[in-house]
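Q: Residue numbers (UniProt numbering), protein chains in the order written: chain A, 1 to 605; chain B, 1 to 605.
Don't be surprised by glycine CBs; every beta carbon is placed ideally from N, CA and C.
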């Protein structure tokens, strides 16, 4: 279907917004009145710019507070409307949006509303303009799509139709049966469709709408269910995004426009439209690649964790370290940044790596140049919104070429009893402006399922965290975002390793000289109040700085290494199907990592 | 009264929080459990630290989900509670907070709740601990203060009392009569009082409470009305602040603690307690002082606006420029910053400058060293939260010494017909973390009235703006804050001048070579749709780039100069008592100032 985006959804000047929409690949735009007012371009110049950019102006909006008012007020409103029809005409926009009235002048009289909207449509028709009448969720009398449609039907004018907006409809009712009436509207009377998602928030709908809308797939609303109903009407207009969001208002328009178009591509796939290579979640993490300017501390940390250097890349300064199914690449090549060790790349193991790469490319993920030196297996890679390189690869799955063949084996054998089974999860702090985009990316591009967001108290501000998993839990990626735009170099990344015996793994790590993040005694005192432990169990946790949590499924034991650059490791043990990530313990961990909880216990007092 | 603050209200480690509270001058603290859990200090060490800092530990909190549950669950809860009583005992805290239950285990049975709370109190008494039982606004069955008190009364144990929290009470009902029941509670059964304010937000009360509480006087709740009721009980405990706020969580603990204590000092004054020098709003703005590294462009701008250099400071490189009642100081002294022209100081004209200074000092405003050179009039000055220096002065009001006598007159005479009457308002962008603090400062310290906040769309993010005025409107200061912590040097400041004829003033400015910020043609096209103008009126506005607004009182005409460093000027004309600040026009102005609307109108198309 054709795609469109309201200029209010993007940041910057009108020219920046239009350029970003066009570059992302949108077919059209809705011109938001305020963007036009503040622009130095005349309507004709805006029209010309859009034409140059290959953008159709699908809608000019909004007209407000027009209908169901006393005749003298309506006469003034009509004058105002005519003025705007002229602007729309100069823009070359054939449709103008009219929102249902919130004015104290309006009366509860559908017949009057229909009569006045008909008059408005007659006048609009003189300008070659159509009116799309939309029920605002907070409209004074008209606030549901079926009410707006009844008025449009009664007005019965060819230049008058309705505009459906997923936020206005779904914010009032999320019951599927309440959407069924949509399909009864004739498609040629649905003049326009505006799409936005939103997280579920218990707040005033006006505030919710003005600050927290997001692109479909980033929130909690069933935008796809609504779109299915709209398509049953026979609607043939564009899918248009109208998103008011405080973060997007600040973010760079270019990436936001790409994120926006991606949301419509995924949405169309969800309702059976469009042709994307199918989604197939990766079945595992092939490797995590650390880029480091100094190999020694990273190698020491991996060694203490029980990893063995089992391979050396045949053409680049990259070592393969293994323990169980966990594989870590240590890259000391020229890409190594001056600011220390970074988790720069992740190898994913999709069922069909080439298909996964095609899907990512179709969904506008930035494709990275293929890396190859003599003999290299070609790997497709894309950049995640936070810049992490994602490689689509196969590990020892003939006939697929295995990336491991690029590595010449060393003489060293992986240790047998380091207790590490593989990766439990990867946790990546996100840039502030990219959190919603990253959510859509991990769901839509990678095919992972999203869990609910949780708030975590850091001593210096609240963090938000959200986990993405494959249905079997073989891939778990937890994304976190800080309270405000901050220092890129401070964004922590961590690699959580799964063990079958965390006590043994933690002892082994310490014995090998590893530094565990120390936990405060008060934490263990609290555990004693909250849980019952077997004799000696809690004492062991305290001795080894192991944290504990449980949910309705099972228990979680975990501990942390010190941090190297931006990266630290976590040792974890899940018991009886625990599903979380120890978020309950994050404030204590974060305090310790700020160096605030990690002082030697005898230093003060 | 004694003052206290919950550690959750401040940012950082427990040690940082305690230090900040003590330095600000609080008498005590509530230790929030999570802060203790994450701290490397033992409870004894925390006790010792508080004692060293001169802080009493007034409360340990919270215990949750204890009462009105089946007996087997209660047995487990009692075990958990005993554990926390031991912690409280080690802390030397004699009171533990118990919140009303939100647990699915709880039943709606007041008799059971009372019986179990009595058992809890008996156990607490063994440890020398009192229980303060508080109704959470979202408690499952107990969510009003009177309900909690009925249960406490029925339980009838000396170690059991109630805790009153202004947020939990006022977030549910702001009707004064609903507060009258408070005074019927015996004061010795009010074991604790927690104070927080909040802006009125139509959102889920739990989210409202967790993210948007603020210090009394910063929000919209009638915390003083509630405190009056509590004092009628005979309550003799501390006034304690418990504020969950996303911004304060990020802000530096030291200034937040000062801001917090200031809120309690003002609150006590409001209810007739404490002894502050009385508030008296300034009756005018004596001067605005620009500090500039380069006098030439600033002098040119002032000259074009019709100002005349009428005086030269007798001891410093500071010139006095005058036009009407507007006085601008141009300071090129060693304090001039490298980053350009800044509005660094404001002279306020309080009825009694010395009393105003004493009040500011009593309210913890940072007192600035008195500036004097030979012959100088001594001026008291304090720093506003954004660093602006505020001088308390008198202008030609014998027998008070006038600051103007420090300036030697030049030979120049102020121009007669530049149409500028004086200052209309000053507008100061605030650092992100200081907006609420600045609100309290302008109300509490300076005695100005606060208007409602308004949101203003900047092309790169939403701004929030709030005006503070003296009751006669002689002093108007508008504070604005950006969407996120940002570049300090980008914070705009502007000086709005009042004229009796903006058309004449704008023509004069242009004729004198002044540069007016150009406005887009689309803006005037929209004005034509929205308002009716006399013949030629709109054309004049467009010719001179004058903006127009009106409210229910009257009309507002204004235009802007170009920006020098961080500072620009606005020419304004209020007609028939217009009360606003042209916020409706701010998005167009902001776009133009970003250079996005200011391109020559023929450049594109």
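Could you pull the DSSP bridge partners for residue 450 of chain A from this structure?
A: Stepping through the first chain from its first residue, residue 450 of chain A is reached at position 450. In the DSSP output, where bridge partners are listed per residue, residue 450 of chain A has A:468.
Q: Please list the residues of the segment 30 to 44 of chain A that have a C-beta atom closer than 9 Å to any C-beta atom in chain B, keeping them in chain order.
A: Residues 33, 34, 35, 36, 37, 38, 39, 40, 41, 42, 43 and 44.
Q: Which residues in chain A sit within 8 Å of residue 530 of chain B, going by Cβ to Cβ distance?
A: Numbered from its first residue, the second chain carries residue 530 of chain B at position 530. Here the neighbours are 80.
Q: Where does residue 215 of chain A fall in DSSP's three states?
A: Here residue 215 of chain A refers to the residue found at position 215 of the first chain. Residue state, collapsed to three classes: coil.
Q: Would you mind listing the alpha helix (DSSP H) stretches within the segment 253 to 315 of chain B that are 4+ residues and don't spill past its ends, in chain order?
A: You should have 253 to 270 and 295 to 305.
Q: Does the segment 465 to 472 of chain B come into contact with the segment 408 to 423 of chain A, if we say contact requires no fewer than three beta-carbon pairs (one atom in each stretch) closer than 8 Å?
A: Touching, no, given that fewer than three Cβ pairs across the two stretches are closer than 8 Å.
Q: Give the secondary structure of residue 612 of chain B by DSSP, where H, G and I count as helix, E and B as strand, and everything else as coil.
A: Residue 612 of chain B is absent from the model: chain B starts at 1 and stops at 605.
Q: Mapping DSSP to helix, strand and coil, what is residue 608 of chain A?
A: The structure shown has nothing for residue 608 of chain A, since chain A only spans 1 to 605.
Q: Say whether the segment 160 to 172 of chain B touches the segment 190 to 207 of chain B, bearing in mind that this needs 3 or more beta-carbon pairs closer than 8 Å, one atom from each stretch.
A: Yes: the two stretches touch, three or more of their Cβ pairs being nearer than 8 Å.
Q: May I ask you to list, following chain order, the residues of the segment 10 to 22 of chain B that have a beta carbon less than 7 Å from some beta carbon of chain A?
A: Going along the segment 10 to 22 of chain B in chain order, one finds 11, 12 and 13 with a Cβ nearer than 7 Å to chain A.
Q: Run through DSSP, which three-state label would residue 149 of chain A get?
A: Locating residue 149 of chain A in the first chain gives position 149, where the first residue counts as 1. Helix.
Q: Assuming residue 449 of chain A and residue 497 of chain A are in contact, meaning their beta carbons sit under 8 Å apart, how far apart are those beta carbons, in whole angstroms?
A: In the first chain, residue 449 of chain A corresponds to position 449, counting from 1. In the first chain, residue 497 of chain A corresponds to position 497, counting from 1. About 22 Å; that fails the 8 Å criterion.
Q: Residue 344 of chain A and residue 266 of chain A: beta carbons closer than 8 Å?
A: Start at 1 with the first residue of the first chain, and residue 344 of chain A comes out as number 344. Start at 1 with the first residue of the first chain, and residue 266 of chain A comes out as number 266. Cβ atoms of residue 344 of chain A and residue 266 of chain A: not closer than 8 Å.
Q: Using a Cβ cut-off of 9 Å, which residues of the segment 201 to 220 of chain A contact any Cβ in chain B, in chain order?
A: The residues in question are 201, 202, 203, 204, 205, 206, 207, 208, 210 and 211.
Q: How big is the Cα-Cα spacing for residue 32 of chain A and residue 96 of chain B?
A: In the first chain, residue 32 of chain A corresponds to position 32, counting from 1. In the second chain, residue 96 of chain B corresponds to position 96, counting from 1. Cα-Cα distance, rounded: 55 Å.
Q: Determine whether the Cβ of residue 87 of chain A lies closer than 8 Å to any Cβ atom of chain B.
A: Position 87 of the first chain, counted from the first residue, corresponds to residue 87 of chain A. With 8 Å as the cut-off, residue 87 of chain A counts as an interface residue toward chain B.
Q: Please classify residue 15 of chain A as buried or exposed, where buried requires at least 16 other C-beta atoms within 10 Å of its C-beta.
A: Numbered from its first residue, the first chain carries residue 15 of chain A at position 15. Buried, because 16 or more other Cβ atoms sit within 10 Å of the Cβ of residue 15 of chain A.
Q: Can you find a C-beta in chain B that's less than 8 Å from the C-beta of residue 675 of chain A?
A: Outside the shown range of chain A (1 to 605) lies residue 675 of chain A, about which nothing can therefore be said.
Q: Report the CB separation of residue 240 of chain B from residue 4 of chain B in whole angstroms; it is logged as a contact under 8 Å.
A: One-based indexing of the second chain puts residue 240 of chain B at position 240. One-based indexing of the second chain puts residue 4 of chain B at position 4. Correct: roughly 4 Å between the Cβ atoms.
Q: Could you check whether the Cβ of residue 235 of chain A sits closer than 8 Å to any Cβ belonging to chain B?
A: One-based indexing of the first chain puts residue 235 of chain A at position 235. Taking Cβ atoms only, chain B never reaches closer than 8 Å to residue 235 of chain A, which makes this a no.
Q: So residue 428 of chain B is in the beta strand (DSSP E); what residue range does that whole segment cover?
A: Translated into positions along the second chain, residue 428 of chain B becomes position 428. That run of the beta strand (DSSP E) goes 420 to 430.
Q: Would you say residue 581 of chain B lies against chain A (beta-carbon separation less than 8 Å)?
A: Here residue 581 of chain B refers to the residue found at position 581 when the second chain is read from its first residue. No, residue 581 of chain B does not count as interfacial toward chain A.
Q: Within the 8 Å Cβ cut-off, does residue 425 of chain A reach chain B?
A: Sequence index remark: in the first chain, residue 425 of chain A carries index 425 (1-based). No, because no Cβ of chain B sits closer than 8 Å to the Cβ of residue 425 of chain A.
Q: For residue 591 of chain B, go through chain A and note every residue whose CB falls closer than 8 Å to its CB, in chain order.
A: As a first step, residue 591 of chain B is located in the second chain; it is residue number 591 there, counting from the start. Those are 13, 38 and 39, listed as they occur along chain A.
Q: Answer yes or no: does any C-beta atom of chain A fall closer than 8 Å to that of residue 461 of chain B?
A: Counted from its first residue, the second chain places residue 461 of chain B at position 461. It does: the Cβ of residue 461 of chain B has a partner Cβ on chain A nearer than 8 Å.
Q: Cβ of residue 523 of chain A less than 8 Å from any chain B Cβ?
A: The count along the first chain starts at 1 and reaches residue 523 of chain A at position 523. Judged by the 8 Å Cβ criterion, residue 523 of chain A is in contact with chain B.
Q: When you compare each of A:224, A:393 and A:495 to residue 326 of chain A by their alpha carbons, which one comes out closest?
A: Walking along the first chain from the start, residue 326 of chain A turns up at place 326. The candidate whose alpha carbon is nearest that of residue 326 of chain A is A:495.
Q: Give every residue of the same chain whose Cβ lies closer than 7 Å to the Cβ of residue 595 of chain A, excluding the five residues on either side of it in the sequence, and list them in chain order.
A: Within the first chain, numbered from 1, the residue matching residue 595 of chain A stands at position 595. Contacts found: none.
Q: Considering only their Cβ atoms, is the gap separating residue 342 of chain B from residue 566 of chain B smaller than 8 Å?
A: Working through the second chain from its first residue, we reach residue 566 of chain B at position 566. Working through the second chain from its first residue, we reach residue 342 of chain B at position 342. Yes, they are a contact pair.
Q: Considering only residues of the same chain and omitting the five flanking positions on each side of residue 370 of chain A, which have a CB-CB separation below 6 Å?
A: By 1-based counting over the first chain, the position of residue 370 of chain A is 370. The answer, listed in chain order, is 378.
Q: Could you compute how far the alpha carbon of residue 212 of chain B sits from the alpha carbon of residue 246 of chain B?
A: By 1-based counting over the second chain, the position of residue 212 of chain B is 212. By 1-based counting over the second chain, the position of residue 246 of chain B is 246. One C-alpha to the other measures close to 7 Å.
Q: Less than 8 Å between CB atoms is the rule here; does residue 271 of chain A satisfy it with respect to chain B?
A: On the first chain, position 271 is the one that residue 271 of chain A refers to. Chain B, which has no Cβ nearer than 8 Å to the Cβ of residue 271 of chain A, makes this no.
Q: Taking residue 348 of chain A as part of the beta strand (DSSP E), name the residues at either end of that continuous run.
A: The count along the first chain starts at 1 and reaches residue 348 of chain A at position 348. Note, residue 348 of chain A: beta strand (DSSP E), 342 to 348.
Q: Would you call the segment 543 to 552 of chain B and the segment 391 to 406 of chain B in contact, with 3 or more CB pairs under 8 Å?
A: Too few Cβ pairs lie closer than 8 Å, so no.
Q: Answer with buried or exposed for residue 8 of chain B, where buried requires no fewer than 16 other C-beta atoms within 10 angstroms of its C-beta.
A: If you number the second chain from 1, residue 8 of chain B lands on position 8. The residue in question, residue 8 of chain B, is buried, as its Cβ has 16 or more Cβ neighbours within 10 Å.
Q: I need the boundaries of the alpha helix (DSSP H) containing residue 331 of chain A, first residue and last residue.
A: As a working mapping, residue 331 of chain A is identified with position 331 in the first chain. Per DSSP, residue 331 of chain A belongs to no alpha helix (DSSP H); it is in the beta strand (DSSP E), 326 to 331.
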